[in-house]
Every structure is written in C-alpha cells, then in structure tokens.
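Note that my numbering has the sequence shown beginning at 21, numbered continuously upward.
Working notes, beginning with the structure itself.
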Amino acid sequence: MLQVDSFRQKDRVRAYFDWNEGWRGGLYDRPTDRFAKAVVRRKEYIFALLNRIPFENGSVAVDVGCGAGIYLEELARGGFRTCGVDHSQGMVDVCRKRLEERGHADVEVLCADIEHLPFAPESADLALSIGVLGYLVDDVKALQELHRILKPGGYLVVNVENMFSLANLDYLIRERFLSLARKGKKRSHDVGDSTSMISSWVLENSPTHHLYRLFHTGSFRRKIEDIGFRHVDSLTFGFEFRLLRRSRLSNVIDLDKLEVTLERILRTYKIPVLSSLGESYTGLFQKVR
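So this is what it looks like as structure tokens:
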C-alpha cells in the first residue's frame with residue numbers, strides 16, 4: 021500500500037471535505053448528474069434495508085461520517101435519537117446549520133475521529149458508516165470502534181465501493197496485467213491488503229491527493245464477521261453501462277432508467293454473480309458478540 025501514515029491521510033481527507041461543495045449537500049440538488057442520482061438512490065436503498073428492522077421509537081442511532089446530515093435528518097424523522105460525527109469541522113458546521121434550518125436543532129453533531137468515537141461502550145442501537153471506510157489507510161480499528169459503541173444485538177450499516185464491479189473490471193484486469201509485466205512487483209497504488217485496492221484515479225485526480233480504497237466485498241464481509249458481527253443482508257447497485265454511454269445508442273436508450281430498472285430487479289431477485297457487480301456495496305450487520 022502507498023506509504024502514507026494514517027495522520028497524513030486524515031489531514032488530506034479532512035481538507036478535501038472541508039471545502040467540498042458537493043458533499044456539503046449540493047450533490048442532492050443535481051438532478052441530471054449520474055453520480056448525484058446514485059448518491060440519492062444509495063440513501064433510498066439503505067433505508068429500505070433499515071425499514072425491515074423493528075427498531076423501537078427512541079432507539080439511538082449514530083451516523084459516523086455524517087457529512088451534511090442527510091441521513092441524520094431521515095433518522096430523526098423516523099423516531100431515532102440521533103447523533104452525527106464527522107472528522108471535518110467544515111462538514112460539522114454545515115450539518116448543524118442544515119439540521120437547525122429543518123427543525124432538528126436537538127440533533128447533536130460532533131467533530132471526532134471514527135477510530136476514537138466519543139461514546140460509551142454499548143450505547144447505540146444503530147451505527148452508520150456510509151462511504152467512510154474507503155478513506156482510511158486501514159479500517160480494522162474503525163470497525164472495532166463501531167462494534168464497541170453498539171449494544172448487543174445492535175445493527176451496523178456500512179457502505180464502500182466495490183472493487184469487482186462491472187465498472188471497475190477493465191481497470192482491475194489492466195492493473196493485474198501490468199503487475200505481471202512488472203514480474204509481480206507492486207506499484208504504490210496496487211492491492212493494499214486482502215480486502216482492498218487503492219484507486220489510482222482518485223489519488224491522481226483528488227485536489228488533496230488522498231487515498232481512496234475499493235473493496236473486495238467478500239473478504240470485507242468476512243473481516244466484519246470476524247470482529248463480532250453477523251451478516252444480515254447486503255446489496256450492490258450502480259451499473260454504469262460505460263460502453264453504451266460512449267456509443268450512439270446512448271442517444272436512443274435512456275440508460276439512467278435502464279440502470280435503475282436493473283437495480284430494482286436485482287434487489288427483488290438475487291441473481292448469482294450479477295447481483296454482486298454493482299459499483300456500490302452496502303452491508304447490514306448485527307452485533308452478536
């Protein structure tokens with residue numbers, strides 16, 4: 021893995037989010053942007069998973085990496101006692117203001133690190149980590165912290181980018197061939213461990229040059245289970261149809277509608293292999309020990 025220590029990486033990620041207008045809430049207001057649409061659908065799919073669990077009114081929910089507070093607002097409306105945590109003070113300020121404007125000034129929002137959460141052991145019924153773990157050099161300590169703050173039987177929702185998605189397969193194959201050509205020697209952004217791979221595109225295009233990891237979802241799931249969780253459910257979504265989007269057919273076929281239709285079919289019918297090839301992976305886990 022690229023030799024960047026955890027503190028340096030966290031500083032870069034904090035700087036990225038402190039001034040990122042999209043993640044301050046603007047992404048949810050871009051009706052024609054494919055990535056923005058995917059972010060909106062991610063929230064829809066996550067709450068579809070959560071709505072199947074009979075949480076009691078007043079259950080405690082913690083959103084770690086809360087950003088602008090989009091999930092906190094929905095959780096508060098659903099009867100949860102909520103608290104948000106983010107490592108970016110800029111995001112914390114935006115989140116507090118947004119929640120206050122929408123009548124949720126009682127929701128506490130803290131600036132804190134996912135590896136050192138300011139909560140007592142076994143104090144939460146639900147913990148969310150949506151799109152956060154990919155920004156960490158290593159995620160074990162973060163997952164252990166999420167486990168620590170959850171009550172026995174509490175639920176964890178995690179979301180990461182899928183290394184083996186249809187959209188990433190060409191990149192992954194190309195990297196493997198390059199690795200063979202180098203006689204097995206790794207480049208700085210090759211596979212980081214058994215569960216993830218560094219995205220060279222993010223590293224090269226990010227204004228702060230931070231790392232971002234894509235995950236081997238099967239290995240990642242086993243890592244979470246080893247920490248003391250039981251897998252309850254999971255889904256992937258996001259099918260870019262990259263070649264179709266670059267072809268003339270993109271002017272004939274509504275690829276956004278086709279993508280959503282495929283996602284909804286795969287949510288209803290678990291099709292082997294295909295159901296695991298979406299760009300974004302969301303897993304629902306329950307603390308069992």
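For each residue, glycine too, the CB sits at the ideal point set by N, CA and C.
On a predicted model such as this, the values are computed, not experimentally measured, just so you know.
DSSP bridge partner residues for residue i (one or two, in chain order)
{"i": "Val84", "result": "Val105"}
{"i": "Phe305", "result": "Leu176 and His251"}
{"i": "Ser300", "result": "Glu181 and Phe257"}
{"i": "Leu198", "result": "DSSP, once it has assigned bridges, lists no residue as partnering Leu198."}
{"i": "Leu170", "result": "Ala144"}
Contact belief for residue i with residue j at Cβ below 8 Å, rounded distance in angstroms
{"i": "Thr302", "j": "Tyr65", "result": "6 Å"}
{"i": "Val177", "j": "Leu304", "result": "6 Å"}
{"i": "Gly104", "j": "His167", "result": "Contact doesn't hold; Cβ gap of about 19 Å is too wide."}
{"i": "Gly154", "j": "Lys307", "result": "Not really, about 22 Å apart at Cβ, beyond 8 Å."}
{"i": "Tyr36", "j": "Pro227", "result": "7 Å"}
{"i": "Val80", "j": "Ala144", "result": "5 Å"}
Exposure of residue i, with buried meaning 16 or more beta-carbon neighbours within 10 Å
{"i": "Trp43", "result": "buried"}
{"i": "Ser208", "result": "Confidence at Ser208 is low in this model, with a pLDDT of 40, below 50, so the placement of that residue is unreliable and no value is reported for it."}
{"i": "Gln109", "result": "exposed"}
{"i": "Ile291", "result": "exposed"}
{"i": "Val233", "result": "Per the sequence shown, residue 233 should be read as Arg rather than Val. By the neighbour-count rule (16 or more Cβ atoms within 10 Å), Arg233 is buried."}
{"i": "Lys237", "result": "Here residue 237 turns out to be Thr, not Lys, going by the sequence shown. The residue is buried, with at least 16 neighbouring Cβ atoms inside 10 Å."}
{"i": "Asn182", "result": "buried"}
{"i": "Ser300", "result": "buried"}
{"i": "Asp274", "result": "exposed"}
{"i": "Asn225", "result": "exposed"}
{"i": "Ser219", "result": "buried"}
{"i": "Val82", "result": "buried"}
{"i": "Ile193", "result": "exposed"}
{"i": "Glu41", "result": "exposed"}
{"i": "Lys30", "result": "buried"}
Residue j beta carbon less than 8 Å from that of residue i
{"i": "Gly87", "j": "Asp106", "result": "yes"}
{"i": "Glu165", "j": "His124", "result": "no"}
{"i": "Pro138", "j": "Ala132", "result": "yes"}
{"i": "Ala162", "j": "Leu170", "result": "no"}
{"i": "Gly151", "j": "Gly85", "result": "yes"}
{"i": "Gly89", "j": "Leu119", "result": "yes"}
{"i": "Leu297", "j": "Leu186", "result": "yes"}
{"i": "Thr256", "j": "Phe235", "result": "no"}
{"i": "Val33", "j": "His230", "result": "yes"}
{"i": "Glu245", "j": "Phe259", "result": "no"}
{"i": "Asp276", "j": "Lys117", "result": "no"}
{"i": "Phe240", "j": "Val180", "result": "yes"}
C-beta neighbour in chain E for residue i, strict 8 Å
{"i": "Trp221", "result": "No chain E is present in this structure, which holds just one protein chain."}
Subject >> Those runs of the beta strand (DSSP E) which lie wholly inside the region 112 to 157 and span at least 3 residues >> reply: Those beta strand (DSSP E) runs which fall completely within the region 112 to 157 and span 3+ residues are 128 to 131 and 144 to 150.
**OP:** Run through the region 216 to 289 for me and flag every whole beta strand (DSSP E) of 3 or more residues, listed as ranges in chain order.
**Re:** Here the runs fully enclosed are 216 to 218, 233 to 235 and 249 to 257.
Subject >> Complete alpha helix (DSSP H) runs within the region 23 to 65 (minimum length 4 residues, chain order) >> reply: Along the region 23 to 65, the alpha helix (DSSP H) occurs as fully enclosed runs of 4 or more residues at 26 to 38, listed in sequence order.
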